[in-house]
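If you read the sequence shown in the numbering used here, its first letter stands for residue 149, the second for the next number, and so on. Here's the structure, in structure tokens; my notes come after.
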Amino acid sequence: MASASDVDQVKVFEKIELLAGECGPRQFNKEKHIELIQLLRSVKDDMSTELQRAREQYQLLFALTSTDLMEWFNDLMDLEDDFEKWDSLKRFFELNVDDNKTSWFYSMYLQFITQAYTTPTKDENGNQLYTLDMVNLIFDEALQNTKYDFQNSHLVWNKFYNFYQDLNLMGFNIMKNHFLEILRIPHKNLDETFSSYSSFITKYANDHYQQEMKQATQIHSQTQKLQWDIESWELKKTSYSEPHQYWIDYMNFLASKPKKHRKIEQVNAVFERAIGESQDALFISVWLRYTHILYDFQVSDDIIHTTTKRFIKHFPSSCFPYAEFFKNVSNLPELKESIDQYYEIMVRVDALHLMESIEYDEWKVLASSVLICEYNFIKKGDDGITQSLLVDLDVFFDRAVDGCKDVYHSVERLCVLIQESLDQIEAARNYLRRITDKFGSEAENWLISHNFEKKHGTYETASKVLYAAVTRSETLDWPERIFEEALIYEQVYGTIKSYRQLQARIDKKSSDISALRQQALEDQSSEVVEDVIKVEEPEKRKAEEDLEENVTDDHKKRKTEIHRDREHLTVSIKGLPLDTTEQQIIKFFKDCGEVKSHHLVETDNQLHAKVEFADEQSVLRALTKDHKRFHGSQIRVQKAFQTTVWVTNYPPSYTSESIKSLFSTIGQVASVRLPSLKFNTQRRFCYVEFLESKDAIKSVEELNKKDLEGYEIVVKISDPESKTSRTGAVEEKREVYVRKLDFFKVTSEKVKQLFLKYGTVERVNLPLSKINEQQGKKHDGYGFVTFSTSEEAQAALELNLVTLEGRVIEVSISQKKSERVQRKENNAFKDYQSADNVIALLNVPDTINSSRIKDICSEAGHVENVLLEPEHNGAIVEFKDASDAGKASLRLDGKTIGDYTFQVGSVKDLRNGNIKESSAKSTLPMVPSSLRRKQAFSKSNIVKAKTSPDSSGNGEEKKITGRSNDDFRALLFGKK
149 MASASDVDQV KVFEKIELLA GECGPRQFNK EKHIELIQLL RSVKDDMSTE LQRAREQYQL
209 LFALTSTDLM EWFNDLMDLE DDFEKWDSLK RFFELNVDDN KTSWFYSMYL QFITQAYTTP
269 TKDENGNQLY TLDMVNLIFD EALQNTKYDF QNSHLVWNKF YNFYQDLNLM GFNIMKNHFL
329 EILRIPHKNL DETFSSYSSF ITKYANDHYQ QEMKQATQIH SQTQKLQWDI ESWELKKTSY
389 SEPHQYWIDY MNFLASKPKK HRKIEQVNAV FERAIGESQD ALFISVWLRY THILYDFQVS
449 DDIIHTTTKR FIKHFPSSCF PYAEFFKNVS NLPELKESID QYYEIMVRVD ALHLMESIEY
509 DEWKVLASSV LICEYNFIKK GDDGITQSLL VDLDVFFDRA VDGCKDVYHS VERLCVLIQE
569 SLDQIEAARN YLRRITDKFG SEAENWLISH NFEKKHGTYE TASKVLYAAV TRSETLDWPE
629 RIFEEALIYE QVYGTIKSYR QLQARIDKKS SDISALRQQA LEDQSSEVVE DVIKVEEPEK
689 RKAEEDLEEN VTDDHKKRKT EIHRDREHLT VSIKGLPLDT TEQQIIKFFK DCGEVKSHHL
749 VETDNQLHAK VEFADEQSVL RALTKDHKRF HGSQIRVQKA FQTTVWVTNY PPSYTSESIK
809 SLFSTIGQVA SVRLPSLKFN TQRRFCYVEF LESKDAIKSV EELNKKDLEG YEIVVKISDP
869 ESKTSRTGAV EEKREVYVRK LDFFKVTSEK VKQLFLKYGT VERVNLPLSK INEQQGKKHD
929 GYGFVTFSTS EEAQAALELN LVTLEGRVIE VSISQKKSER VQRKENNAFK DYQSADNVIA
989 LLNVPDTINS SRIKDICSEA GHVENVLLEP EHNGAIVEFK DASDAGKASL RLDGKTIGDY
1049 TFQVGSVKDL RNGNIKESSA KSTLPMVPSS LRRKQAFSKS NIVKAKTSPD SSGNGEEKKI
1109 TGRSNDDFRA LLFGKK
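Structure below.
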């Protein structure tokens, strides 16, 4: 009977066999390759050959870390057979040296070859493992690749010097020249090298010591001057919070030196140190910068090709290394080799499904590089790839147009250019037509289409394009540019009649546009009311709490026709210095266009900024500042696309802080925007803006329809273009409102049975608040019944004033919530102005809802009702009794919530505006709280009440403050 260990061993071998079949040369699942290697290591004595093969396969596809290399090396050192060990170690170093050109790896390599040479070690055929010529070549390669490694070049140099001196293998003059070459290069052990050279001269040329050392001293002094700059950069590393940025800046420094002093070898050495340090995804930017420096130095195509293939091995799941590879592979000397290399990497791209899995911004980079690569092959004479290119053009163009995520339309325009170059004029024309159909508001697209027709079409087709643009001029981002181009073209190529007709049409369009712009300027003084995206009604809808975005006719008049489009007009700026201020950001983007809003966010010891512009042209101009220097730092400026989510149906008690806390579990939140309640006090939605698009998408996946305290939260990517008017049972008059229900006896089922005789009951909703639930009640005493038709709902009104479970109920057609609230607000003045149990809160921000006010006021006593008065910057709060109102007055007057300080007055004070709004919003520069102290607010900041003439007519003025604190004290303690 097999033991448990034998059974386990069998399972291991079965798993190894399975993984071996899944880890071939065209299998790119990195995790499976790693799992296979680790399983083989667990049984390495039995399968050392298979382990070696698996590692070599992994090394071909992926980059090894220093830990991987040491693990592999130590496993080989444990081999018992000497011939197998030495042969395997020799192969190990030869395989990995091209990917690890660091002093650390070369030091291991040199230790191995010097030991093999001096032993001497032979292979299984009896031949010397390393000859002196082979050793010389490897030492020369090691010295050339590491001599500019400032920190560790001495590791290689010391091995070189000791080896050749101990064996007397090198003449005096040759070694002297090596010394002098090293002395010319800045390195950490410069002084030790100089001292070592002095000892060398003393030993071998003491008679000429002064003469020999004079030259060395001059070289040493010159190198010391160069050393200072390098040392300053070496010392800077600890001051960088992001290591990848340090290496980028270091390489930029070396690459930007005057031409006679800059050396690509210096950049190479820094780069090898950088990539040996980490394979974190942030280091993709290090590779990209290094590749672009190679372009600048105009290195050979072979070096570029080798570098991009190494890049792919380090980051096989990123589009950027593949893009750089495809951009350059067609330049290899042999066309057949280029095409073979192209197909080899495309197999990898397809196997990883990169085109389908990466975000649009990355896909755009990869798609463009593939198209350009295939086009270059055709230009070089490979017609066999033409069909593949034509298919890719259609596929990529479709995705780019449908994706609508690139303000430059770079993929679409590239497709047009390639089709045009292939003499596929009709295909290119069709692409342009689809661009102008989809993105007709962008003047530049019409101009590109017009220029295309001027080149390939006729006067009529070229004129027709501009005429179509003029027709749409009200929606264009730059109509004047179209007008100018159209008039010039018509004057040159058209007739006087066609020109006059066009001029008349443009005059009318200009007048219409001027009127629209004037209206927009007038509307800027009033708040822009944002529509709410239509969403499905959650099953757990709290009817009385559910938001309705419909407003009364009076309020609708206040709406403007022009809406802010933050989602498409915002850019994200990364890499800002920590001491960046608001004024610096505004000044930097001043020449781009009007800035609507801006804010800074600190994350991981870095600053990010979000800047919203007034129009798309301003965004385009802002994007040109990408990679520019800003106060000593290179910044990234990118369009903030799909970084904002629209959120609704969260618990009414939620504040912006609690919403931010919820979404911060997904990713870094830049801001939370609550809507103004001035025109609809029942709005309950917000916009949560993330720093990264991936976090916004993730929040939809993880939080949409999540239950929060009985509310099914709705989370969607914010897209102004998808906003629609809200419709539903209330708008269609299919819902009835039932009130005065018995709290304990009536259930949803009993209500449904009562109303069923009037038609199909789709839904019965009896809201239940937490307070009533704690008291054992089944609901809040009211509810909603939804029928399939409005006729059924109308018929159900017969139940008004009938008895249900011993209580007379009231039934009416449900009204839009804003209309109900508006009527309550209109009656509030006469109902509450003289009530002792009512206070008015003043200086209330128009983004705080009634639930939040109720929570704040409940600290003083039982709150019966809260009516928001956002147009008067306040709220009316009704308490259960007068003593609670008195307590509230004492506790809430001067209370600070966030950036606002409340004041307490009467309803009359609120409606008459007798106490001014006193916002304590900070006026400090736009600097995160961690970099500055928050502004302190005190009672002294509160704006004092207005005064009015004494009613006695004596000309004196007295404060109108409503009920005083003394009045409330009297109420509290029963004094008259």
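Idealized CB from N, CA, C, for every residue including glycine.
Best match in Asn920, His927 and Glu879 for proximity to Ser896 [C-alpha to C-alpha]:
Residue numbering aside, residue 896 sits at position 748 when the sequence shown is read from its first letter. Ser896 has its Cα closest to that of His927, out of Asn920, His927 and Glu879.
Report back the beta-carbon spacing between Val719 and Val640 to the nearest angstrom; my notes put them in contact at under 8 angstroms.
Counting from 1 along the sequence shown, the entry for residue 719 is found at position 571. Counting from 1 along the sequence shown, the entry for residue 640 is found at position 492. Val640 and Val719 do not touch by the CB rule: their CB atoms are close to 38 angstroms apart, not below 8 angstroms.
Taking only runs of the beta strand (DSSP E) that begin and end inside the segment 728-796, which ones reach a length of at least 3 residues, in chain order?
Here the runs fully enclosed are 743-751, 754-761, 784-787 and 792-796.
Can you grab the Cα-Cα spacing for the pair Gly172 / Tyr206, in whole Å?
As a working note, residue 172 is residue 24 in the sequence shown. As a working note, residue 206 is residue 58 in the sequence shown. Cα-Cα distance, rounded: 9 angstroms.
Using three-state DSSP, classify Lys163 as helix, strand or coil.
Walking along the sequence shown from the start, residue 163 turns up at place 15. Reduced to three states, the DSSP call for Lys163 is helix.
Own chain partners of Phe221 with C-beta closer than 8 angstroms, once the 5 adjacent residues on each side are dropped
Along the sequence shown, read from residue 1 onward, the residue named residue 221 stands at position 73. For Phe221, where only same-chain residues beyond five positions count, the Cβ hits under 8 angstroms are Leu237, Phe240 and Met256.
Burial state of Phe260 (16 or more Cβ within 10 Å)
Taking the sequence shown and counting its residues from 1, the one referred to as residue 260 is at position 112. Label assigned to Phe260: buried.
At the level of alpha carbons, what is the spacing between Asp1098 and Leu1038?
In the sequence shown, the residue the question calls residue 1098 occupies position 950. In the sequence shown, the residue the question calls residue 1038 occupies position 890. Any answer about Asp1098 is weak, because its pLDDT of 43 lies below 50 and its placement is not dependable; what the coordinates show is given next. Rounded to whole angstroms, the gap between the alpha carbons of Asp1098 and Leu1038 is 26 angstroms.
Pairing CB atoms from the segment 853-861 with CB atoms from the segment 881-891, are three or more of them under 8 angstroms?
Verdict: no, contact absent.
Expressed to the nearest angstrom, what Euclidean distance is found between the alpha-carbon atoms of Gln1051 and Leu1040?
By 1-based counting over the sequence shown, the position of residue 1051 is 903. By 1-based counting over the sequence shown, the position of residue 1040 is 892. Gln1051 and Leu1040: Cα-Cα distance of roughly 7 angstroms.
Going by the DSSP bridge assignment, what does Lys270 pair with across the sheet?
As a working mapping, residue 270 is identified with position 122 in the sequence shown. Bridge partners of Lys270: Gln276.
Nearest residue (CA-CA) to Leu837, options Val759, Phe903 and Asp774:
What you label residue 837 is simply residue 689 of the sequence shown in a count that begins at 1. Correcting the residue type first, residue 837 is Glu in the shown sequence and not Leu. Nearest in C-alpha terms to Glu837, of all of Val759, Phe903 and Asp774, is Val759.
Using the rule of at least 16 other Cβ atoms within 10 Å of the residue's Cβ for burial, across every protein chain shown, is Ile636 buried or exposed?
Here residue 636 is taken as the residue at index 488 of the sequence shown, counted from 1. Burial state of Ile636 is exposed, judged by a 10 Å Cβ sphere holding fewer than 16 other Cβ atoms.
Taking Arg764 and Val555 to be in contact with their CB atoms under 8 angstroms, please state how far apart those CB atoms are, rounded to whole angstroms.
Residue mapping note: residue 764 aligns to position 616 of the sequence shown, counting from 1. Residue mapping note: residue 555 aligns to position 407 of the sequence shown, counting from 1. As written in the sequence, residue 764 is Glu, which differs from the Arg given in the question. About 6 angstroms separates the two Cβ atoms, so the contact holds.
Quick check on DSSP: helix, strand or coil for Gln292?
Indexing the sequence shown from 1 puts residue 292 at position 144. Note: Gln292 maps to helix in three-state DSSP.
With burial defined as no fewer than 16 other Cβ atoms inside 10 Å of the residue's Cβ, what is the status of Glu849: buried or exposed?
Your numbering for residue 849 matches position 701 in the sequence shown. Around the beta carbon of Glu849, a 10 Å sphere encloses fewer than 16 other beta carbons of the protein chains shown; the residue is thus reported as exposed.
Taking Tyr1048 as the reference, give the member of Ser1054, Val1011, Ser999 and Leu990 with the closest Cα.
Walking along the sequence shown from the start, residue 1048 turns up at place 900. Minimum Cα distance to Tyr1048 is reached at Leu990.
Burial state of Ile1004, where buried means 16 or more other Cβ atoms lie within 10 Å
Here residue 1004 corresponds to residue number 856 of the sequence shown, with the count starting at 1. Its Cβ being crowded by 16 or more others within 10 Å, Ile1004 is buried.
I'd like the span of the beta strand (DSSP E) that includes Asn989, first residue to last.
As a first step, residue 989 must be located in the sequence shown, where it is residue number 841. A small fix is needed here, since residue 989 is Leu in this sequence, not Asn. From DSSP, the beta strand (DSSP E) with Leu989 extends over Val986 to Leu990.
Specify, as a first and last residue, the run of the beta strand (DSSP E) that Cys834 falls within.
Taking the sequence shown and counting its residues from 1, the one referred to as residue 834 is at position 686. Counting along the chain, the unbroken beta strand (DSSP E) around Cys834 starts and ends at Phe833 to Phe838.
Given this structure, state the Cα-to-Cα distance separating Leu166 from Leu430, to the nearest angstrom.
Against the sequence shown, residue 166 aligns to sequence position 18. Against the sequence shown, residue 430 aligns to sequence position 282. If you take the alpha carbons of Leu166 and Leu430, they lie about 34 angstroms apart.
Which residues bound the alpha helix (DSSP H) around Val559?
Translated into the one-based positions of the sequence shown, residue 559 becomes position 411. For Val559, the enclosing alpha helix (DSSP H) begins and ends at Ser558 to Ser569.
Cut-off 7 angstroms between Cβ atoms - residues of its own chain near Val108, not counting five sequence neighbours on either side
Nothing can be reported for residue 108, as the shown portion of the chain is limited to 149 through 1124.
Please return the same chain residues whose Cβ sits closer than 6 angstroms to the Cβ of Ser466, not counting the five positions on each side in sequence.
Taking the first residue of the sequence shown as position 1, residue 466 is located at position 318. Excluding five sequence positions before and after Ser466, the CB atoms of its chain that fall closer than 6 angstroms to its own CB belong to Ile432, given in chain order.
How many angstroms separate the CA atom of Glu857 from the CA atom of Ser917?
For this step, residue 857 is matched to residue 709 along the sequence shown. For this step, residue 917 is matched to residue 769 along the sequence shown. If you take the alpha carbons of Glu857 and Ser917, they lie about 10 angstroms apart.
Can you list, in chain order, the residues of its chain with a C-beta nearer than 7 angstroms to that of Lys787? Leave out the 5 residues immediately preceding and following it.
For the purposes of this step, residue 787 is taken as the residue at position 639 of the sequence shown. Closer than 7 angstroms at Cβ, skipping near neighbours: Val555, Val719, Val767 and Leu771.
Check whether chain C comes within 8 angstroms of Ala417, counting only Cβ atoms and requiring the distance to be less than that.
No chain C appears in this structure, which consists of one protein chain only.
Going by beta carbon distance, what residues of the same chain come within less than 8 angstroms of Gln157, once the five residues before and after it are set aside?
Along the sequence shown, read from residue 1 onward, the residue named residue 157 stands at position 9. Cβ neighbours of Gln157 beyond the five flanking positions: Val191.
Quick one: what's got a C-beta closer than 7 angstroms to Ile783's C-beta in the same chain, skipping five residues either side?
By one-based count along the sequence shown, residue 783 stands at place 635. Only Ile721, Lys722, Gly723, Leu724 and Lys776 meet the Cβ criterion.
Entirely enclosed beta strand (DSSP E) segments - the segment 1002-1036, minimum 3 residues
Here the runs fully enclosed are 1011-1017 and 1022-1027.
In whole angstroms, what separates the C-alpha of Pro1076 from that of Thr813?
Position 928 of the sequence shown, counting from 1, holds the residue named residue 1076. Position 665 of the sequence shown, counting from 1, holds the residue named residue 813. Its pLDDT being 39, under 50, Pro1076 is placed unreliably in this model, and the coordinates cannot settle the point.
As assigned by DSSP and simplified to three states, the class of Thr619:
Locating residue 619 in the sequence shown gives position 471, counting from the first residue. Three-state result, Thr619: helix.
When Pro823, Ser804 and Leu825 are compared against Val817, the one with the closest alpha-carbon:
On the sequence shown, residue 817 is found 669 positions in, with the first residue counted as 1. Looking only at Pro823, Ser804 and Leu825, the smallest Cα-Cα distance to Val817 is reached by Ser804.
Going by the CB atoms, is the gap between Thr606 and Asn593 shorter than 8 angstroms?
By 1-based counting over the sequence shown, the position of residue 593 is 445. By 1-based counting over the sequence shown, the position of residue 606 is 458. In this structure, Asn593 sits away from Thr606, with a CB-CB distance that is not shorter than 8 angstroms.
Using a Cβ-Cβ cut-off of 6 angstroms (strictly less than) and excluding sequence neighbours within five positions of Val283, which residues of its own chain qualify?
Within the sequence shown, numbered from 1, the residue matching residue 283 stands at position 135. Within the same chain, Val283 has close Cβ partners Ile261 and Tyr265.
Exposed or buried, what is Asn316 when buried is set at 16 or more other beta-carbons lying within 10 Å of its beta-carbon?
As a position in the sequence shown, residue 316 is number 168, starting the count at 1. Per the 10 Å Cβ criterion, exposed.
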